[in-house]
Amino acid sequence: MSGEKAKDNRSIGKFHLDGIPPAPRGMPQIEVTFDIDANGILNVGAKDKGTGKEQKITITDSTGF
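So the number in this note's numbering is just where the residue sits in the sequence shown, counting from 1, plus 2.
Here is the structure:
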């Protein structure tokens, strides 16, 4: 989502990190990274540190964030 106020948020992309095994609340450790380059390209990644499963998305929104 992007926007200064919750009512102004709009989705700019989404992905799912599948394959996380059932575990007690608070046990899964998910490492999330965000990187915006000089051209405004947003790279987002999430990795389950227990299984090593990883998902990434690159968002190139010409309207800007």
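All residues carry an ideal CB built from backbone N, CA and C; glycine is no exception. As the structure is a prediction and not an experimental result, all values here were calculated from the model.
- Sorting 48, 62, 6, 29 by C-alpha distance to the C-alpha of residue 39 places 62 at the top.
- Partner residues in the beta bridge of residue 36, as assigned by DSSP, are 46.
- Annotated three-state conformation of residue 9 is helix, per DSSP.
- Under the DSSP assignment, residue 60 falls in the beta strand (DSSP E) whose first and last residues are 56-61.
- By alpha-carbon distance to residue 50, the top candidate from 6, 29, 12 is 29.
- Residue 58 is a Cβ neighbour of residue 47, given a cutoff of 8 Å.
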